[in-house]
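Going down the list, the protein sequences come from chains A and B. All letters in the first sequence, in the order written, are residues 0 to 554 by numbering that gives the first Met the number 0. All letters in the second sequence, in the order written, are residues 0 to 365 by numbering that gives the first Met the number 0. Don't be surprised by glycine CBs; every beta carbon is placed ideally from N, CA and C. For reference, the structure discussed in these notes is given below.
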Amino acid sequence: MARVIIDPITRIEGHLRIEVEVENGKVKDAYSSGTLFRGFEIFMRDRDPRDAWYITQRACGVCTSVHAIASVKCLDHAFNVEIPENARIIRNLIMGAQYLHDHPIHFYHLHALDWVDVVSALSADPQKTAAFAANHNNSPKDSVNHFKNVKARLKKFVDSGQLGPFANGYWGHPAYKLPPEANLMAVSHYLDALELQKKAAQLQAIFGGKNPHIQSVIPGGVTVGGILDVDHIASFKFAMQEIMSFIENVYIPDVLAVAPAYLDWAGYGKGHGNYLAWGLFPQDTKHHTKNQTFPDGVIYGSDISKVIDADTAKVAEHVKHSWYEGAEAKHPKEGKTEPKYTGLNDFKGIDINKNEKYSWLKSPRYEDNVMEVGPLARVLVAYGRGNKDVQELVNGTLKTLGAPAAALFSTLGRTAARALETVFIGHEMEKWVDELIGNISKGNVATAKSYEIPDSGFGYGTTEAPRGALGHWIEIKNKKIKNYQLVVPTTWNGSPRDDKGRRGPFEESLIGTPVADAKRPLEILRTIHSFDPCIACAVHVIDPQTNEIHKFKVV
Amino acid sequence: MLLKDEIISLGKHDVARKDFLKFCTATAAILGLPSSFSEVIAKEVTKAAKRPPVIWMHFAECTGDTESFIRATNPNITDVVLDIVSVDYHETIMAPSGDAAHKSLEDSIHNNKGKYIVIAEGAVPTKDNGIYLTIGNKTGLELATEVCKDAFAVLCVGTCSSFGGVQAQAPNPTGAKGVMEATGLPPEKFVHLPGCPHNVKNSIATIVHFLLFNKLPALDKDRRPLFAYGETIHDHCPRRNHFEKGEFVEQFGDEGDRNRWCLYKMGCKGPETFHNCSKVLWNDGTNWPIGAGHGCNGCSEKNFWDTMTPFYERLPDRTPIGAVTANKIAVAVGTATAVGIAAHAAISAKKGRLGKGDNEDKKEDV
């Protein structure tokens, strides 16, 4: 049995270590370790609660803005202020822009090199590449000459001998299956997407002030009252059209062009088959409204015919295998986190019997179940709840690929769900812009409401980061933060084993994954990347001794 | 017809050259150089036979500075990666993982000793021997020292790698520090580009400065380039005239808010913050925080997480940190560079005006 340690896992956000045991060419066991601790819950204490959104946004700069939104929702609740309609729409547009940025960048820049052999692209025939592209997409750019130029540029780059980020890649690995033409097309779109993402970031900055890290949301609303004008709204509308054109004409077709060569990956990476979504894009201004474009829901055992309402009270985090003082009821000091680093067996390989603790991530569980969160969870919940647009997108894709519904619960399924929801969100955003224009033309220009910070109180806010379900909880005392906690997507997905020894979603999804060459573990990266890990914010927060979340809910 | 701009290096073809010169002119402006320097920049940047190796390190961070960096326009980010520098190690974009990634790092350090540029993102946890961050079988602290000691220069992008940043705010549970302080390496090779995140306009301009002059740009006492941190947000704020007239937003959503009045009373730290946001804006000129109606939070200042908070409280009685800094800068730099003079003059002028503003402000409060 071979032990493979991959540290760092690259092309993700943050610091992640994956260790697997390989037997007969397949993964037999897996361990996921977050290797950074920053201590948000500790330094948030005693600060002005109004500052919480600005501080917590720094949990992550890739899915930037999502913590800001979750946090202001949490503060709206704690301060008991209901935001104006325009503020709701602006927040949704900012969040939507995040998806239009984040999902394409994940596919092209974090995930694509798991499927696309850059070196193979050098042997592609530009003519055949253009024919392949014409057969798959509607990109006006993909001409023979264009591919000639991309190939020449790539060749010049390789000939320079300085391969930069592409040096030591797993090129030529037997798990790469695409023909050279598909590889050249993908490399070309990799470069196009790298330029396009700037436009998507600009889209967010129009009402966000800047990107990364927006600066225009506040408890009670948004600060953009001075720029709700034709100039800004038109910029937003037209920038969005440009981005959507790429998403519909290039991104989606690329997923469909690459998938047929990798349909076996619809059979790998499933994991536990339990899914959780808090829901996203509120359509009215009530706190915790269930009226959301992406509904909340829980699915067990891959049964999408039964979607259960999600309830934040049912979350608890385990720390038995995490580097924190571990006795559940022993140290119930309120709001105290005690890191307890026990190492990684000199980095030689985890022995679960000896090295009980192996990650800075904790293990959140829902009703004592291991849950996966993310685009697949959102899409399955929306599908199961009867959202016609989502059903159409999913059914159409399965039909095009000739794949059964079971194919969704897989590495490939996650990647496809991410692409499909991007289109869905873009279309919804177009409606919201019109709604905003309608409000303004009726003279409704309110963007923020005033509030009082209560002497004491609590609040919570949930949303969905591109990577999955996100919740923020606050407790206020003497107008200061007494306790602040985040339960974030990659803590769900990347968690280590729980008290009962059950693997986290990353770990479980790797079981059975083929590994052709233990020294070049390309296949492991495919499944891990399909979750789009984001470790910086995963390594945080909830109080390990008291599982404070319960307490918040009980109040 | 061939679209030659896509295959020929920057500066060597008409089409690409047009865009490239736009960048060079803009960079010359950011650097405070006369516009004739744009030609020199164009020549210098593209003449190197070997692209300068860059090793990008991630410590305790959120990857916001990587995201900010890839927003580069003129030159476009694809040009930066393919034609201008060689990004030999960068965990967010590199193809290999694990051992193969380590090989990329070791190869670059070994082959380019003393010649590579380190771009550092994130703070280095130092408490308990740095165990709060490990990469491979090393702590972030060990890696920072190992990688930075043989670098030509270390460019700390963002407030975290410069000064410790968000995780270093009191009580700094992991002992997070800026890379220079954590490693204790000689300060001479460090440049700090704080901001949360830093603005790519400034990192690109600094890299061009390296390529052009083979040395670091003029710096203030916190080792921030004067070209980007020599003047305050307030100095060039488009809402400045409302400050002068005493027209303030009193509450988000009020008439002053809709009329884009001054945000000083909403806690704007623009008068105390040295950064060029009000001149270069964000996302290729799309917008910036004050443009979106929110005050400046002072994110380019050392320890702003502790000194500029609460963010929505104005701090009229505080000594503007920057004024002191700028006076010291003029002495420390010693040379009467155009940038230095401009900064100093601006600060002196600002101090007078700020005093007036404060008085008006207080009167209104009564």
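Straight-line gap, residue i to residue j (C-alpha atoms, nearest Å)
i: A/Gly425; j: A/Ile242; result: 9 Å
i: A/Phe457; j: A/Thr63; result: 24 Å
i: B/His274; j: A/Pro211; result: 17 Å
i: A/Asp28; j: B/Ile92; result: 27 Å
i: B/Ile328; j: B/Glu187; result: Because the pLDDT of B/Ile328 is 34, which lies under 50, any placement of that residue in the model is unreliable, and the number read from its coordinates should be weighed accordingly. The straight-line gap from Cα to Cα measures roughly 16 Å.
i: A/Gly270; j: A/Val26; result: 13 Å
i: A/Gly163; j: A/Pro7; result: 17 Å
i: A/Thr341; j: A/Glu180; result: 49 Å
i: B/Arg238; j: A/Tyr299; result: 54 Å
i: A/Asn344; j: A/Asn354; result: 7 Å
i: B/Phe310; j: A/Asp47; result: 8 Å
i: A/Asn148; j: A/Ser119; result: 16 Å
i: A/Lys150; j: A/Pro178; result: 15 Å
i: A/Asp124; j: A/Leu190; result: 18 Å
i: A/Arg496; j: B/Asp106; result: 36 Å
i: A/Gly268; j: A/Glu506; result: 10 Å
i: A/Gly60; j: B/Cys61; result: 5 Å
i: A/Phe346; j: B/Asn136; result: 6 Å
i: A/Ile436; j: A/Asp388; result: 24 Å
i: B/Ile206; j: B/Pro193; result: 15 Å
i: B/His12; j: A/Lys154; result: For B/His12, the predicted structure reports a pLDDT of 36, less than 50, and the residue's modelled location is therefore unreliable. A value from the coordinates is still provided. Their backbone Cα atoms lie some 18 Å apart in a straight line.
i: A/Met0; j: A/Val19; result: 10 Å
i: A/Leu227; j: A/Ile439; result: 8 Å
i: A/Lys335; j: A/Ile41; result: In this predicted model, A/Lys335 has a pLDDT of only 43, less than 50, meaning its place in the structure is not dependable; the value taken from the coordinates is given anyway. Near 8 Å, if we compare the C-alpha coordinates of A/Ile41 and A/Lys335.
Bridge-paired residues (DSSP) for residue i
i: A/Val221; result: A/Val216
i: B/Pro124; result: B/Ala175
i: A/Tyr30; result: A/Glu18
i: A/Asn85; result: BP columns for A/Asn85 are empty, so no partner.
i: A/Cys533; result: A/Glu12
i: A/Val486; result: A/Gly470
i: B/Thr231; result: B/Phe273
i: A/Pro363; result: A/Glu316
i: B/Pro224; result: B/Leu218
i: B/Ser85; result: B/Pro52
i: A/Glu371; result: A/Tyr274
i: B/Asn286; result: B/Trp281
i: A/Lys476; result: A/Ser455 and A/Lys479
Continuous alpha helix (DSSP H) stretch holding residue i: start and end
i: A/Pro504; result: Pro504 to Leu509
i: A/Leu411; result: Thr410 to Ser440
i: A/Tyr53; result: Ala51 to Gln56
i: A/Leu74; result: Val65 to Ala77
Limits of the unbroken beta strand (DSSP E) element including residue i
i: A/Phe457; result: Ser455 to Ala464
i: B/Met56; result: Pro52 to His57
i: A/Pro178; result: Counting along the chain, A/Pro178 falls outside any beta strand (DSSP E), and DSSP gives it neither H nor E.
i: A/Gly296; result: Gly296 to Ile298
i: B/Val199; result: Unbroken run through B/Val199 is the alpha helix (DSSP H), Val199 to Phe212; no beta strand (DSSP E).
i: A/Ala129; result: That residue, A/Ala129, is in no beta strand (DSSP E); its alpha helix (DSSP H) goes Pro125 to His135.
i: A/Ile4; result: Ala1 to Ile5
i: B/Ala152; result: Ala152 to Val156
Contact set between residue i and chain D, taken where Cβ atoms lie within less than 7 Å
i: B/Asp149; result: Among the chains of the structure shown, chain D does not appear; the protein chains present are A and B.
Residue i Cβ short of 6 Å to the ligand GTP heavy atom set
i: A/Gly219; result: Of ligands this structure carries none, so the ligand GTP is not represented either.
Compile a chain-ordered list of the residues in the stretch 80-102 of chain A whose CB is closer than 7 Å to at least one CB of chain B. Residues passing the 7 Å Cβ filter: none.
Residues, ordered as in the chain, of the stretch 284-305 of chain B that lie near chain A by beta-carbon distance below 7 Å: Among the residues of the stretch 284-305 of chain B, those with a Cβ less than 7 Å away from any Cβ of chain A are Thr285, Asn286, Trp287, Pro288, Gly290, Ala291, Gly292, His293 and Asn296, in the order of the chain.
Using Cβ-Cβ distances below 7 Å, what residues of the stretch 37-49 of chain A are close to chain B? So the list reads Arg37, Gly38, Ile41, Phe42, Arg46, Asp47 and Arg49, given in the order they occur along the chain.
Contact set between the stretch 208-230 of chain A and chain B, restricted to residues whose Cβ is under 9 Å from the partner: Within the stretch 208-230 of chain A, the residues whose Cβ lies closer than 9 Å to some Cβ of chain B are Gly208, Lys209, Asn210, Pro211, His212, Ile213, Gln214, Ser215, Val216, Ile217, Gly219, Gly220, Val221, Thr222, Val223, Gly224, Gly225, Ile226 and Leu227, listed in chain order.
For the stretch 128-143 of chain B, which residues have a CB atom closer than 7 Å to at least one CB atom of chain A, in sequence order? Of all residues in the stretch 128-143 of chain B, those with a C-beta nearer than 7 Å to a C-beta of chain A are Ile130, Tyr131, Leu132, Thr133, Ile134, Gly135 and Asn136, reading in chain order.
Taking a Cβ distance cut-off of 9 Å, strictly less, list which residues of the stretch 158-171 of chain A are near chain B, in chain order. Residues of the stretch 158-171 of chain A with a C-beta less than 9 Å from any C-beta of chain B: Ser159, Gly160, Gln161, Leu162, Gly163, Pro164, Phe165, Ala166, Asn167, Gly168, Tyr169 and Trp170, listed in chain order.
Compile a chain-ordered list of the residues in the stretch 429-455 of chain A whose CB is closer than 8 Å to at least one CB of chain B. For the stretch 429-455 of chain A, which is checked against every Cβ of chain B, the residues closer than 8 Å are Val444, Ala445, Thr446, Ala447, Lys448 and Ser449.
Of all the residues that make up the stretch 129-148 of chain A, which are near chain B by a beta-carbon distance shorter than 8 Å? Of all residues in the stretch 129-148 of chain A, Asn144, His145, Lys147 and Asn148 have a Cβ within less than 8 Å of some Cβ in chain B.
Quick one: complete beta strand (DSSP E) runs, 3+ long, within the stretch 149-216 of chain A? The qualifying runs do not exist here; there are none.
By the 9 Å beta-carbon criterion, what residues does the stretch 84-110 of chain B contribute toward chain A? For the stretch 84-110 of chain B, the residues whose beta carbon sits under 9 Å from a beta carbon of chain A are, in order, Val84, Ser85, Val86, Asp87, Tyr88, His89, Glu90, Thr91, Ile92, Met93, Ala94, Pro95, Ser96, Gly97, Asp98, Ala99, Ala100, His101, Lys102, Ser103, Asp106 and Ser107.
Members of the stretch 190-214 of chain B near chain A, C-beta cut-off 9 Å: From the stretch 190-214 of chain B, only Cys195, Pro196 and Asn198 have a Cβ closer than 9 Å to chain A.
The stretch 66-79 of chain B: which residues have C-beta closer than 9 Å to a C-beta of chain A, in chain order? Those would be Glu66, Ser67, Ile69, Arg70, Ala71, Thr72, Asn75, Ile76 and Thr77, in chain order.
For the stretch 108-129 of chain A, which residues have a CB atom closer than 8 Å to at least one CB atom of chain B, in sequence order? So the close ones are His108, Leu109, Leu112 and Val117.
Between the stretch 154-175 of chain B and chain A, which residues of the former have CB atoms less than 8 Å from a CB of the latter, in chain order? If the cut-off is 8 Å between Cβ atoms, the stretch 154-175 of chain B has Gly164, Val165, Gln166, Gln168, Ala169, Pro170, Asn171, Pro172, Thr173 and Ala175 near chain A.
Could you name the residues of the stretch 218-237 of chain B whose beta carbon sits closer than 7 Å to any beta carbon of chain A, in the order they occur along the chain? Near chain A, meaning a CB-to-CB distance below 7 Å, no residue of the stretch 218-237 of chain B qualifies.
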